[in-house]
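*Asks:*
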Amino acid sequence: MHVPLCLALALGCSRSVWAGVVPPSTTRPAEQERAPADTRHLFSRPDLAVPEAPAAHQLTLGSHPNPDVLNSPVRARVQAHQVQQQKQQQKEQQKKPKIQLSRRRRWWFGPRSTHNDDVHAPSPSIGDVVTNTVYSGVYPVVNVTWGNKAGAANAAGQTFVSYVDTGSADTFAVASTFRCVGMEGPSPGGEDRAGSATVTTTTTTTYSQADCNFGALYDLNQGNFTNLTARAFSISYFPEMESLQGSMGLAPITVGGLTVAQQQVALIEAARWTGDGVAAGLVGLSYPAMTSVEDRNTGLPATPYNPFFTSLAQQGIDGQDANASAVFTLAVDRVPRGTPSWKPAGMLALGGLVPSTYYEGHFTSVPIEPPAMLPKTSSFRAFYATTVQVVYGPPAYNMATSDMSPGPSALDSANLTSSPSFQAVMDSGTSANFVPTTAAAAINALFDPPAVFNKTLNYYVVDCDAKPPLVAYRIGAQAAAGTNSSASAGRLMPIDARDMIVRSLNGLPGYENVCFSSVADGGQPYGGELIIGSTWQRGYVVAYDQGRSMMHIAKRKPY
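For the sequence shown, the positions run -19 to -1, 1 to 540 when mature numbering (1 follows the signal peptide of the UniProt record, and there is no 0) is used.
#1: Suppose contacts are defined by Cβ-Cβ distances below 7 angstroms. Is residue 500 in contact with residue 414 by that definition?
#2: Among 504, 527, 311, 301, whose alpha-carbon lies nearest the alpha-carbon of residue 362?
#3: According to DSSP, simplified to helix, strand and coil, what is residue 293?
#4: Report the residue ranges of all alpha helix (DSSP H) runs contained in full by the stretch 407 to 462; include only those spanning at least 4 residues, in chain order.
#5: Name the DSSP beta bridge partners of residue 243, please?
#6: Specify the secondary structure class of residue 135 as computed by DSSP and reduced to three states.
#7: Please report how far the alpha carbon of residue 436 lies from the alpha carbon of residue 420, in whole angstroms.
#8: In the DSSP assignment, find the unbroken alpha helix (DSSP H) run with residue 305 in it and report its ends.
#9: So, helix, strand or coil for residue 37, using DSSP?
#10: Along the chain, where does the beta strand (DSSP E) that runs through residue 559 open and close?
#11: Decide yes or no for the touch test of the stretch 260 to 280 against the stretch 293 to 304: beta carbon pairs closer than 8 angstroms, at least 3 of them.
#12: Contact defined as beta carbons within less than 8 angstroms: I believe residue 326 pairs with residue 316. What is the distance between those atoms, to the nearest angstrom?
#13: Once DSSP output is grouped into helix, strand and coil, what is the label at residue 535?
#14: For residue 271, name the three-state secondary structure that DSSP assigns.
#15: Just list the residues that DSSP pairs residue 161 with in beta bridges.
#16: So, for residue 225: in the same chain, excluding its five sequence neighbours on each side, which residues have a beta-carbon less than 6 angstroms away from its beta-carbon?
#17: When DSSP labels each residue in this structure, what does residue 540 get in the three-state scheme?
#18: Is DSSP giving residue 23 helix, strand or coil here?
#19: Where does residue 515 sit, in a helix, a strand or coil, going by DSSP?
#20: Near residue 366, which residues of its chain fall below 6 angstroms by C-beta distance, leaving aside the five closest residues on each side in sequence?
#21: According to the neighbour-count rule (16 or more other Cβ atoms, all chains shown, within 10 Å of its Cβ), is residue 149 buried or exposed?
#22: So who's on the other strand from residue 399, going by DSSP bridges?
#23: What number of angstroms, rounded off, separates the C-alpha of residue 284 from the C-alpha of residue 231?
#24: Quick check on residue 144: buried or exposed, where buried means 16 or more other Cβ atoms within 10 Å of its Cβ?
#25: Around the Cβ of residue 496, are there at least 16 other Cβ atoms within 10 angstroms (buried) or fewer (exposed)?
#26: Quick one: what's residue 348 bridged to in DSSP?
#27: Looking at the structure shown, is residue 339 part of a helix, part of a strand, or coil, going by DSSP?
#28: With C-beta atoms as the reference, is residue 124 less than 7 angstroms away from residue 204?
#29: Using only the alpha-carbon positions, how far apart do residue 467 and residue 458 sit?
#30: DSSP has residue 484 in a bridge; who is on the other side?
#31: Going by beta-carbon coordinates alone, are residue 532 and residue 525 separated by less than 7 angstroms?
#32: Across which residues does DSSP place residue 259 in a beta bridge pair?
#33: Among 192, 201, 425, 479, which has the Cα closest to the Cα of residue 133?
#34: Could you compute how far the alpha carbon of residue 254 sits from the alpha carbon of residue 345?
#35: Which first and last residues belong to the beta strand (DSSP E) in which residue 505 is found?
#36: Under the rule that 16 or more other beta-carbon atoms within 10 Å means buried, what is residue 324, buried or exposed?
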């Protein structure tokens, strides 16, 4: 039987504090009654204005006690998309590309190494799955409520701790009747209830539900879930050989007091999973192209549907105009080591900006771009992607300042190197910053002492007390991907020094001093997207503006 590891990471591991649900956000009556502030002066573009979200729709994020069990599908989805594009080019197809993406990648996916070598350490498993991860950080979670049937004993609905992920689009919960299956077969199979998807397997071992270690489960008898019999949900996570299968349906979904009465969602009925005992859901905030829905009869990708936030924006948010209704904002906190096992970890605001107490200075607005292989004029959107450069140089931080950011003189230094431009995805569900191979090697060599690439982990391992280099993204230059833009174009947005080295596996024998660089090797861009992860996002507020196809970015106030 699998016994999950509880990693201290930046947090404690007492699950009793959670009670399976994130504590509700607390706002004072005066805050709830105030009118949204005029924010036109906050934007570098005078034609833009985004109001603050209504206080009732500002959600306190929870800091998950085991933050890295779930990672975003975005990186492996990009790789799958690139493979698909290559096949289309080989066949000389001229059809509009389809984003058929259904993979995720964890921070590590093989036997762990305890130091800068390839010595393998034992790890717990269900079948062959390797659990846990090497990166700390905060995967933000919120309460998501699924409505119950009329007359149900719990009229308020069923609430689940759910990951907030800008790199995916589906909203799912796990059915109380789900089957936890092992790693021996190619994927879960069999029918769990009427209308469920069936996937043929050769060998599948069924485990107890406790082995998959989800949090609260969805009660089918109470829940108001209408099965869409022609559609199924299926997502596989490689190379871990984890997967989720289930039914697509319609259900009332409420987040932050805002309800979509007939939201298309996924109900998980078969899972190969190594959970954390707390979360049993996810709310994806990306575009329809990122949904993982398939035709139940053929198994082929089905027409994408509108995810929760897209549906919410289209129906409108009370008190906000159409532009504001299409904006959500994330401020993800840095949670120090040694804090309690639950601590407010930032804010998700629906229908506008987070309060001004979270940010300073102007918002820089950049376009959300179509995938790199499509013309810039295309209206198609899949990821929250924009063109950037990574800029780096020797250590230049004032470690005595409260935010450990480099000063203006350091950012103007002639010692900085700029990479060619590339397209990057803003993804709250991935910790690392994936940059091109050449830049990753150069950046990690600038640590003092240098970081070392660990072939087993496939990431850079660094001395926990090393001096980090200066690393920043140049955002807003909008040069074509693969080219060098002017050094003065765009805005330099550095990674805080505290987020350049991440500690993890704390308290696990043999891992006490293992630290990792937050800059990872993303391979060669080849016209595809890399990732700006949550380690960078801890220093910024990002407003995702679906209506204008823009992201608005401001620096966090020191915290």
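Where is the CB? At the ideal position from N, CA and C, for every residue including glycine.
*Replies:* In short:
#1: Start at 1 with the first residue of the sequence shown, and residue 500 comes out as number 519. Start at 1 with the first residue of the sequence shown, and residue 414 comes out as number 433. Yes.
#2: The residue labelled residue 362 in the question sits at position 381 within the sequence shown. Among 504, 527, 311, 301, the Cα nearest to that of residue 362 is on 527.
#3: Reading the sequence shown from its first residue, position 312 is the one you call residue 293. Residue state, collapsed to three classes: helix.
#4: 418 to 426
#5: Along the sequence shown, one-based indexing puts residue 243 at 262. According to DSSP, which records beta bridges pairwise, residue 243 is partnered with nothing at all.
#6: Locating residue 135 in the sequence shown gives position 154, where the first residue counts as 1. Note: residue 135 maps to coil in three-state DSSP.
#7: As a first step, residue 436 is located in the sequence shown; it is residue number 455 there, counting from the start. As a first step, residue 420 is located in the sequence shown; it is residue number 439 there, counting from the start. Taking the straight line from one Cα to the other gives about 18 angstroms.
#8: Locating residue 305 in the sequence shown gives position 324, where the first residue counts as 1. Start and end: 303 to 306.
#9: Indexing the sequence shown from 1 puts residue 37 at position 56. Helix, per DSSP.
#10: In the structure as shown, the chain begins at -19 and stops at 540. Residue 559 is therefore absent and cannot be evaluated.
#11: no
#12: In the sequence shown, the residue the question calls residue 326 occupies position 345. In the sequence shown, the residue the question calls residue 316 occupies position 335. The Cβ separation is near 6 angstroms, so the contact holds.
#13: Stepping through the sequence shown from its first residue, residue 535 is reached at position 554. Note: residue 535 maps to strand in three-state DSSP.
#14: Sequence index remark: in the sequence shown, residue 271 carries index 290 (1-based). It is helical.
#15: As a position in the sequence shown, residue 161 is number 180, starting the count at 1. For residue 161, which the question treats as bridged, DSSP gives the partners 188, 252.
#16: Counting from one through the sequence shown, the residue named residue 225 turns up at place 244. The residues are 216, 249, 252.
#17: Along the sequence shown, one-based indexing puts residue 540 at 559. DSSP places residue 540 in coil when its eight states are reduced to three.
#18: Indexing the sequence shown from 1 puts residue 23 at position 42. Of the three classes helix, strand and coil, the one that applies to residue 23 here is helix, per DSSP.
#19: Against the sequence shown, residue 515 aligns to sequence position 534. Three-state result, residue 515: helix.
#20: Mapped onto the sequence shown, residue 366 falls at position 385. Correct list, in chain order: 350, 404, 406, 510.
#21: Within the sequence shown, residue 149 is the residue found at index 168, counting from 1. Answer is buried; the Cβ neighbour count reaches 16.
#22: Translated into positions along the sequence shown, residue 399 becomes position 418. The partner list for residue 399 (beta bridge, DSSP) reads 372.
#23: Your numbering for residue 284 matches position 303 in the sequence shown. Your numbering for residue 231 matches position 250 in the sequence shown. C-alpha separation (whole angstroms): 16 angstroms.
#24: Looking up residue 144 in the sequence shown gives position 163. Looking at its Cβ environment, which holds 16 or more other Cβ atoms inside 10 Å, residue 144 is buried.
#25: Position 515 of the sequence shown, counted from the start, is the residue given in the question as residue 496. Its Cβ being crowded by 16 or more others within 10 Å, residue 496 is buried.
#26: Taking the sequence shown and counting its residues from 1, the one referred to as residue 348 is at position 367. Answer by DSSP bridge pairing, in chain order: 531.
#27: The sequence position of residue 339 within the sequence shown is 358, counting from 1. Helix at residue 339.
#28: Taking the first residue of the sequence shown as 1, we reach residue 124 at position 143. Taking the first residue of the sequence shown as 1, we reach residue 204 at position 223. No, Cβ-Cβ distance for residue 124 and residue 204 is not below 7 angstroms.
#29: Along the sequence shown, one-based indexing puts residue 467 at 486. Along the sequence shown, one-based indexing puts residue 458 at 477. Any answer about residue 467 is weak, because its pLDDT of 45 lies below 50 and its placement is not dependable; what the coordinates show is given next. Cα-Cα distance, rounded: 8 angstroms.
#30: Reading the sequence shown from its first residue, position 503 is the one you call residue 484. Partner(s): 496.
#31: In the sequence shown, counting from the first residue as 1, residue 532 sits at position 551. In the sequence shown, counting from the first residue as 1, residue 525 sits at position 544. Yes, Cβ-Cβ distance for residue 532 and residue 525 is below 7 angstroms.
#32: Reading the sequence shown from its first residue, position 278 is the one you call residue 259. Paired residues: none, contrary to the question.
#33: Taking the sequence shown and counting its residues from 1, one reaches residue 133 at position 152. Looking at the Cα atoms, 201 is the closest of the given residues.
#34: The residue given as residue 254 occupies position 273 in the sequence shown. The residue given as residue 345 occupies position 364 in the sequence shown. Looking at the two C-alpha atoms, the distance is approximately 39 angstroms.
#35: Residue numbering aside, residue 505 sits at position 524 when the sequence shown is read from its first letter. Where residue 505 is concerned, there is no enclosing beta strand (DSSP E), given that its DSSP letter is neither H nor E.
#36: Counting from one through the sequence shown, the residue named residue 324 turns up at place 343. Buried.
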